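S.K.: Counting from 1 along the sequence shown, just add 138 to a position and that's the residue number in this note's numbering.
For every residue, glycine included, the Cβ atom is placed at its ideal position computed from N, Cα and C.
Owing to the predicted nature of the structure, the values given are computational and were not obtained by experimental measurement.
I have a structure I would like to understand better, so I am pasting it below and will then ask my questions one at a time.
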Amino acid sequence: MNKTEVRRLKVRRALKALVIEHNAFNIEDADGGRMDFCVEGPFGHTYQCQFTRNGFDVACFDAIGLAGSGWSADDIRIQQTASELEFLMNATVRKELEKVEAEVAFA
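Here it is, written out as structure tokens:
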């Protein structure tokens with residue numbers, strides 16, 4: 139496999155893992171190096187997320203830190219849950235990438 143084929147395999151497998159393990163849905167590939175998707179979190183909130191092809195990172199828009207005071211308990215809970223989901227999804231992607239790298243090394 140050449141580098142391009144390996145990268146495509148990594149992207150495909152990472153997205154598949156996000157769909158299987160985190161129920162990612164509404165995956166859109168319209169941002170060039172980024173892919174937007176949604177994840178249904180606890181308490182019925184839908185989190186908008188983004189997967190980058192070049193760094194294989196997952197980011198949730200609601201995970202951005204809340205500055206200042208005056209945030210409702212619901213806002214704080216949503217932000218904390220998004221941060222946890224972001225961490226878990228990045229761990230899922232890293233684990234899947236390690237599997238792909240091991241498969242490619244033995245091929």
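In the structure shown, what three-state DSSP assignment does Phe181 receive?
M.R.: Indexing the sequence shown from 1 puts residue 181 at position 43. Of the three classes helix, strand and coil, the one that applies to Phe181 here is helix, per DSSP.
S.K.: Given 8 Å as the limit, is there contact between the stretch 175-187 and the stretch 139-149, that is, 3 or more CB pairs closer than that?
M.R.: Contact fails: fewer than three Cβ-Cβ distances are below 8 Å.
S.K.: May I have the straight-line CA-CA distance separating Asn164 from Phe244, to the nearest angstrom?
M.R.: Counted from its first residue, the sequence shown places residue 164 at position 26. Counted from its first residue, the sequence shown places residue 244 at position 106. Cα to Cα, the separation comes out at about 34 Å.
S.K.: Does the separation of the CB atoms of Thr230 and Gly179 fall below 9 Å?
M.R.: Within the sequence shown, the letter at position 92 stands for residue 230. Within the sequence shown, the letter at position 41 stands for residue 179. Contact flag unset, no.
S.K.: Going by DSSP, what residues sit across from Asp251 in a beta bridge?
M.R.: It is not possible to answer for residue 251, since the shown part of the chain is limited to 139 through 245.
S.K.: First and last residue of the alpha helix (DSSP H) that includes Ala197?
M.R.: For the purposes of this step, residue 197 is identified with residue 59 of the sequence shown, where counting begins at 1. Premise fails: Ala197 lies in the beta strand (DSSP E), Val196 to Cys198, not in any alpha helix (DSSP H).
S.K.: Give a yes or no on whether the C-beta atoms belonging to Glu234 and Ala155 are separated by under 9 Å.
M.R.: Residue numbering aside, residue 234 sits at position 96 when the sequence shown is read from its first letter. Residue numbering aside, residue 155 sits at position 17 when the sequence shown is read from its first letter. Going by C-beta atoms, Glu234 is nearer than 9 Å to Ala155.
S.K.: How about Arg151 and Arg172: are their beta carbons less than 9 Å apart?
M.R.: By one-based count along the sequence shown, residue 151 stands at place 13. By one-based count along the sequence shown, residue 172 stands at place 34. In this structure, Arg172 does not lie closer than 9 Å to Arg151 by Cβ.
S.K.: Based on Cα-Cα distance, which residue from Ile216, Trp209 and His160 lies nearest to Ala201?
M.R.: For the purposes of this step, residue 201 is taken as the residue at position 63 of the sequence shown. Nearest of Ile216, Trp209 and His160 to Ala201, Cα basis: Ile216.
S.K.: Roughly how many angstroms lie between the CA atoms of Phe175 and Ala197, to the nearest whole one?
M.R.: Here residue 175 refers to the residue found at position 37 when the sequence shown is read from its first residue. Here residue 197 refers to the residue found at position 59 when the sequence shown is read from its first residue. Near 10 Å, if we compare the C-alpha coordinates of Ala197 and Phe175.
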